[in-house]
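Scroll down for the structure; my scribbles are underneath it.
Numbering (the working numbering), first residue to last: 131 to 298.
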């Protein structure tokens, strides 16, 4: 279990993020058209998993905007923005913001992604949403970078994730 804070108050996740050098767990997430996306769908590409509690918060929205901007110049790379928000809310946000370079995926159906990646909150006011984290995978699905953001209201280390993409 990981301990993070929400405005200084400790809260916990169900587990730990997948380890660097290990294989990323498979997932089934829901796209905005309600079809299913799996990790296997992205085989052969570098993958950034931008994970957050809800698109309806300022920091979460900013992380999607920033990765959308950064993703425009990345080759053979897909940025997946993942939360438990309904796909309709995710699509509405992207339409209103002009977000075109990332894919929004939802873990609203069964929460398996949050459980297998160890990042669903197990206590606190945001339970059972996902903690803020970034996981970067190389073309073979190996984890080359992971960041569990220690304070929920803080943004992730964008530069660290992008550096891992370049070196992974």
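Cβ atoms here follow ideal geometry from the backbone N, Cα and C, with glycine treated the same way.
Relative to the C-alpha of residue 266, which residue among 163, 236, 197 is closest? Ranking 163, 236, 197 by Cα distance to residue 266 puts 197 first.
With respect to the beta strand (DSSP E) encompassing residue 275, which residues constitute its N-terminal and C-terminal limits? 273-278 is the span of the beta strand (DSSP E), which, as asked, contains residue 275.
Just mark residue 149 as buried or exposed, buried being the case when its beta carbon has 16 or more other beta carbons within 10 Å. Result: exposed.
Could you tell me the boundaries of the beta strand (DSSP E) in which residue 293 lies? Element bounds for residue 293: not the beta strand (DSSP E) but the alpha helix (DSSP H), 288-297.
Selected residue, minimal CA-CA separation from residue 164, among 205, 217, 204: Among 205, 217, 204, the Cα nearest to that of residue 164 belongs to 217.
The alpha helix (DSSP H) spanning residue 233 covers which residue range? For residue 233, no alpha helix (DSSP H) run applies; the uninterrupted beta strand (DSSP E) run containing it begins and ends at 233-236, by DSSP.
Residue 204 and residue 233 - do their beta-carbons sit closer together than 8 Å? Not in contact: residue 233 and residue 204 (Cβ atoms no closer than 8 Å).
Considering only the beta carbon of each residue, do residue 206 and residue 173 sit closer than 8 Å? Result no, Cβ atoms of residue 206 and residue 173 do not sit closer than 8 Å.
Continuous alpha helix (DSSP H) stretch holding residue 158: start and end: Not the alpha helix (DSSP H): residue 158 falls in the beta strand (DSSP E), residues 158-160.
Using 8 Å for Cβ pairs, my map puts residue 183 next to residue 246. What's the rounded Cβ distance? Actually they do not touch by this definition, with Cβ atoms about 18 Å apart.
Is it buried or exposed, residue 139, if we count other Cβ atoms within 10 angstroms and call 16 or more buried? Counting other Cβ atoms within 10 Å of its Cβ, residue 139 stays below 16 and is therefore classed as exposed.
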